[in-house]
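As you go down the protein sequences, you meet chains C, R and Y in turn.
Under the working numbering, the first residue of the first sequence is numbered 1, with each subsequent residue one higher.
Under the working numbering, the first residue of the second sequence is numbered 297, with each subsequent residue one higher.
Under the working numbering, the first residue of the third sequence is numbered 776, with each subsequent residue one higher.
No residue lacks a Cβ here, since even glycine has one placed at the ideal position from N, Cα and C.
Just so you know, these numbers come straight off a predicted model, no measurement behind them.
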Amino acid sequence: MIVDIMNMLFNGTLTGAVYALIAMGYSLVYGVGGIMNLSHGAYFMLTGYLLLWMLQTPFFIGLEWLTVVFALIIITVIGGLTFLLLVKPLQDSHVAVVIVTFGLAFLLEQVVLISPSGTEVWSIGQLRLFQGYTMVFGYPIVHQYVFLIVMSIVIVLLFALFINKSKLGKSIRAVSQDREAAGLMGINASRILLYTVMISALLAGLAAFLYLPGASLDGPSMGWGYLLNSFAVVILGGMGSLIGSVAGAFIVGYTISFTNVFVPYGPSWAHLVPIIIIIVILLIRPQGLFGKKELR
Amino acid sequence: MEKLAKRIIAIVIIAGLGVGGGLGAWFLFLAPGAGEYSWSSKDCPGAPSGISSDQIIKFGITGDVGEITGDGAWEGCYLAAKEINEAGGIKINDTTYYIGVTREDSDEANPNLVTSRGIAAAERLVYNKKVQFGIGGFRSEALLAYQEVFMDNEIIFINTGAATDVFCENVRSWYTRYKYFWRSMPINSSSLGEQIFNYLFRLIYVLNATYSGEIANVGIIYEDLTWTEDLVTGIEYYFGPYGPLPAYRNMLTANIPYDVTLTAADMLTHVNTLMAADCDIVIPIISAQGGLMLMQHYATLQPNFLVVGIDVQSQLDTFWTQTNGDCIYEIQMQSIHVTNKTPTTIPFWNAFRAEWGHDPLYTASGSYDALNFIVWAINETQSLQAYPTLTQKMETATKANILANPELFPSSVGGLGAYWPTTHDLVAGYPFGFTLFCQWQANATKVIMPSYNSVYIDSQLSNIGTLILPPWLITDWTT
Amino acid sequence: MGVILEVKNLTKKFGGLTAVNDFSFEIKRGEFIGLIGPNGAGKTTVFNLISGFEKPSSGRIRFNGIDITGMKPYKIVNLGIARTFQLVRSFKYLSLLDNITVSCLSKRGKEVSKKTGTDNYASSILASVGLIDKARIPPIILPHGDLRKLQIGKAVGTNPELLLLDEPFSGLSFEEQLGITDLIKKLHADGVTIFITGHVLRELMTLVPRVIAMHQGKFIADGPPVQVANNKIVLEAYLGRGVKIA
Chain C
1 MIVDIMNMLF NGTLTGAVYA LIAMGYSLVY GVGGIMNLSH GAYFMLTGYL LLWMLQTPFF
61 IGLEWLTVVF ALIIITVIGG LTFLLLVKPL QDSHVAVVIV TFGLAFLLEQ VVLISPSGTE
121 VWSIGQLRLF QGYTMVFGYP IVHQYVFLIV MSIVIVLLFA LFINKSKLGK SIRAVSQDRE
181 AAGLMGINAS RILLYTVMIS ALLAGLAAFL YLPGASLDGP SMGWGYLLNS FAVVILGGMG
241 SLIGSVAGAF IVGYTISFTN VFVPYGPSWA HLVPIIIIIV ILLIRPQGLF GKKELR
Chain R
297 MEKLAKRIIA IVIIAGLGVG GGLGAWFLFL APGAGEYSWS SKDCPGAPSG ISSDQIIKFG
357 ITGDVGEITG DGAWEGCYLA AKEINEAGGI KINDTTYYIG VTREDSDEAN PNLVTSRGIA
417 AAERLVYNKK VQFGIGGFRS EALLAYQEVF MDNEIIFINT GAATDVFCEN VRSWYTRYKY
477 FWRSMPINSS SLGEQIFNYL FRLIYVLNAT YSGEIANVGI IYEDLTWTED LVTGIEYYFG
537 PYGPLPAYRN MLTANIPYDV TLTAADMLTH VNTLMAADCD IVIPIISAQG GLMLMQHYAT
597 LQPNFLVVGI DVQSQLDTFW TQTNGDCIYE IQMQSIHVTN KTPTTIPFWN AFRAEWGHDP
657 LYTASGSYDA LNFIVWAINE TQSLQAYPTL TQKMETATKA NILANPELFP SSVGGLGAYW
717 PTTHDLVAGY PFGFTLFCQW QANATKVIMP SYNSVYIDSQ LSNIGTLILP PWLITDWTT
Chain Y
776 MGVILEVKNL TKKFGGLTAV NDFSFEIKRG EFIGLIGPNG AGKTTVFNLI SGFEKPSSGR
836 IRFNGIDITG MKPYKIVNLG IARTFQLVRS FKYLSLLDNI TVSCLSKRGK EVSKKTGTDN
896 YASSILASVG LIDKARIPPI ILPHGDLRKL QIGKAVGTNP ELLLLDEPFS GLSFEEQLGI
956 TDLIKKLHAD GVTIFITGHV LRELMTLVPR VIAMHQGKFI ADGPPVQVAN NKIVLEAYLG
1016 RGVKIA
């Protein structure tokens, strides 16, 4: 029994830590620019494949850590290009932004699919920093995942500090609360939005780097699942609320792991849980647990 | 003005992407002519150039393009067609015909399955490309929907990937409609379950004799999909309270069906559940990414169980690199490996590797056999009439006939290719449809396990190796 | 004293309605000048056109000799024009200090603020508008007069050469109006050119040495308040045609 509880707690924390990173960026972009970026899951997926492609290149043998740096830079740039080329010209229309980012996600998926490694599942375990596990109450705690959880918490805290204390963070919050008034303060709202989309892509990339070496690349369509779950997390926490995203991520994580461990035949429908959450929250509390579109 | 200009640029970019994608799809799937597909020598690998559409016997392959299962079906058919065409094609009433192959993407390996894509693929093959025979299939849910397109149009379709029993039961129960349906691969789920159990029964017996009764608990972990249902029911029965062998009753202590969209964190939960349930042997029944996740966690956690079961991705040689070697010690079932299942198995294996650069998957060997089976019937009857001529000829490939006169029937690579005339299902059991148990061992080698004569007669097959247990398991079982 | 703002033939049409019609004027550096006109005369539209919130249908606006017609608001701010709104706009969930800090981070604001440090500089502005004791609270719970002060403080943070104040007195109590008046006078004394609108003549008369009057989008008068107040067209605009002033 204690092992089952440990199992549920640890995996819930693990899942929550991953979704916190992914959903936070997604929520940030929505909160600041009202942009529903449906290619967010594809950033996560693409970072994984960028890492894989570089690891398969002889040049990077012995320089595995460089792949991480490059992949994060590339995904940040792709995030920036998404905004400049697709979102910015269309940002007056929410529907157009949704459609164009949806299209981009499909495009990225297809690009990965036609690449030589696109048809199979892959491990990028070479990038694991920690091997092995430690038994706690008869439950094996995998070191790599402990690293992920710690890093995720550190990144969330640093990010909160950045948004609340840094100058750029204050500008981001200002744009989120009143874009026109921010313009009057000499803030270039478009540039701030560009930065937020880049930051969100970087967060998705970091999530991929922290999680995928201990997990696997499940194919080019894997981004959609993460997008859907982030969507559930963000709806649960409140669109645009950063605290809400983090809280929502862990709630979704624990709910999934609880279903997996304690509900008979739960694993069959554990991934319906986020969808059920979306529906229920939209029905009873559409603004989410922490509601509010602006970044406080 | 500036804004307008940017908007125009954006629209141009999007339109460019859209048109580019559309054109790409066009060239890939529908290139020549808008309406009807025109067949030419480029559809006939190994055939001379300049042959006319009338000289082509048209095979349509359904499968998930870009996934190993669908690509396997295509690669098997392509190789079979190439061999036949290079040998001069086939003669029907003194006219030379060549084998044409074409494929459509049914997207059936997609975890978020949309069955209408499979139907659309089948319709493109039948109505746009006017194929005369169909081969392929992998995901039962998808095939159940799109097989109807072939049945509606009275086109022979050979399933080379979906194991669910129901397909061939349809042939028995509604012969007039489903008589065009066949299965050349794999053996049906019930038979697969039986073969797993037979193997495990002997394996557990041998292990218990060696390690003084260590194997007490068995766990199963499987995709919650149609194709696993019959298998799971079988295993639940064999290891359940009413199992046929008293010594193996009540061994099943963990039973985990999972949704195919699972993540690595979910799989970690499941592996821990299996460990907590004290499983000594875990039977995966997995066709997708779950297998890789399972073996990754297995390598990290080194749990005290052995993995023996179905893991489709693990059948390919590339799985070792894909998992960074984490798949070591996994024993999984595959229809084909470098061994003399039949005299043509090893030549096929080598030809396939020469053509495609990797090992054939079960859908590849099944499709290769399927195409050769149909061509054999055409050759024998000198006819292209699906029913009655070809169907009745194919129905003569029974167990009894093949055992009596093997030389009269086509040589197949996945085992002797005999079919039940009433269900059009592959006959299961040595030396017909049987599965090989293979283990990943050090240095990316995959070795065929002795089945202790439970599934195959070990002495009759070449390249049989020895079982190697993970060191931590030996430690656990001997202390 | 050079010309700081030059507006030429400015016209803005909203569909069939001409909100600003062939409007021209000049402002010299260091001036303290009012823009008057009855409700709906087009004063706010003129401010919106100067600050870049709307693009003119025709006409030119030059600031310090630079053509700023149709530029984005943030660029205009960074050239040195700040404005406030008639309806107060602030960052509801940032503290008052952070509200000012954000403006001090603008291009021109930085030039000044980095000498003393952004926080110190922002605090000094907050002190000068009399809100330093409320530095840590967010504006959502502030009374209207304080919000006006905050808004002016935010505009000051961008270190403007020209400050556009849109109806800074509307809806304020007399005491609050006095506070704002002192604040504006102080800014003018510090060398900021002030351009201020109001629809009540009396408020502006005592404050500014020069006013421009407009009505229905058109320029009608320019000069010292007393002179403009007695202009026949101005009186007609405010009181209606046919009224005679004794």
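Span of the alpha helix (DSSP H), counted from its first residue to its last, around residue i
| i | result |
| --- | --- |
| C464 (chain R) | V462 to S469 |
| I582 (chain R) | No alpha helix (DSSP H) holds I582 (chain R); the beta strand (DSSP E) holding it covers I577 to I582. |
| G79 (chain C) | E64 to L81 |
Residue i in three-state terms, based on DSSP
| i | result |
| --- | --- |
| A794 (chain Y) | strand |
| L757 (chain R) | coil |
| F800 (chain Y) | strand |
| M135 (chain C) | strand |
| Y19 (chain C) | helix |
| R864 (chain Y) | coil |
| R858 (chain Y) | strand |
| W335 (chain R) | coil |
| L108 (chain C) | helix |
| Q56 (chain C) | coil |
| Q991 (chain Y) | coil |
| T565 (chain R) | helix |
| V150 (chain C) | helix |
| A714 (chain R) | coil |
| C340 (chain R) | coil |
| V315 (chain R) | helix |
| K165 (chain C) | helix |
| G892 (chain Y) | coil |
| R545 (chain R) | coil |
Run of the beta strand (DSSP E) containing residue i, from where it starts to where it stops
| i | result |
| --- | --- |
| T694 (chain R) | Here T694 (chain R) belongs to no beta strand (DSSP E), and DSSP marks it neither H nor E. |
| I734 (chain R) | The residue you asked about is not Ile; residue 734 (chain R) is Cys in the sequence shown. L732 to Q737 is the span of the beta strand (DSSP E), which, as asked, contains C734 (chain R). |
| D607 (chain R) | L602 to D607 |
| A215 (chain C) | Element bounds for A215 (chain C): n/a, residue is neither H nor E. |
| F789 (chain Y) | V778 to F789 |
| P553 (chain R) | L548 to Y554 |
| I630 (chain R) | Before going further, note that residue 630 (chain R) is Gln rather than Ile in the sequence given. From DSSP, the beta strand (DSSP E) with Q630 (chain R) extends over I627 to Q630. |
Interface partners of residue i on chain C, CB under 8 angstroms
| i | result |
| --- | --- |
| G362 (chain R) | L113, I114, G118 and T119 |
| F866 (chain Y) | R173, A174, Q177, D178, A181 and A182 |
| R858 (chain Y) | L184 |
Residue i vs residue j beta-carbon contact at 8 angstroms
| i | j | result |
| --- | --- | --- |
| L28 (chain C) | I199 (chain C) | yes |
| P540 (chain R) | Y534 (chain R) | yes |
| M447 (chain R) | Y471 (chain R) | no |
| T762 (chain R) | Y507 (chain R) | no |
| L937 (chain Y) | I856 (chain Y) | yes |
| L871 (chain Y) | A910 (chain Y) | yes |
| Q428 (chain R) | K338 (chain R) | no |
Burial state of residue i (16 or more Cβ within 10 Å)
| i | result |
| --- | --- |
| R886 (chain Y) | Strictly speaking, residue 886 (chain Y) in this sequence is Glu, with Arg absent from that position. Counting Cβ neighbours within 10 Å, E886 (chain Y) comes out exposed, since fewer than 16 surround it. |
| K890 (chain Y) | exposed |
| W370 (chain R) | buried |
| L66 (chain C) | exposed |
| A505 (chain R) | exposed |
| Y715 (chain R) | buried |
Beta-carbon neighbours of residue i, restricted to chain R and to distances below 7 angstroms
| i | result |
| --- | --- |
| W65 (chain C) | In chain order: nothing, as chain R lies at least about 17 angstroms away. |
| Q126 (chain C) | N620 |
Closer than 8 angstroms at the beta carbon, the chain Y residues around residue i
| i | result |
| --- | --- |
| I187 (chain C) | Y849, V877, L880 and S881 |
| K167 (chain C) | T876, L880 and T893 |
| K170 (chain C) | L869, D873, T876, V877 and L880 |
Contact list for residue i against chain C, beta-carbon separation under 9 angstroms
| i | result |
| --- | --- |
| T933 (chain Y) | L184, M185 and G186 |
| K929 (chain Y) | A181, L184 and M185 |
Beta-carbon neighbours of residue i, restricted to chain C and to distances below 7 angstroms
| i | result |
| --- | --- |
| N853 (chain Y) | G186 |
| D585 (chain R) | Just to set this straight, residue 585 (chain R) is Gln in the shown sequence, not Asp. Here the neighbours are V121, S216, D218 and G219. |
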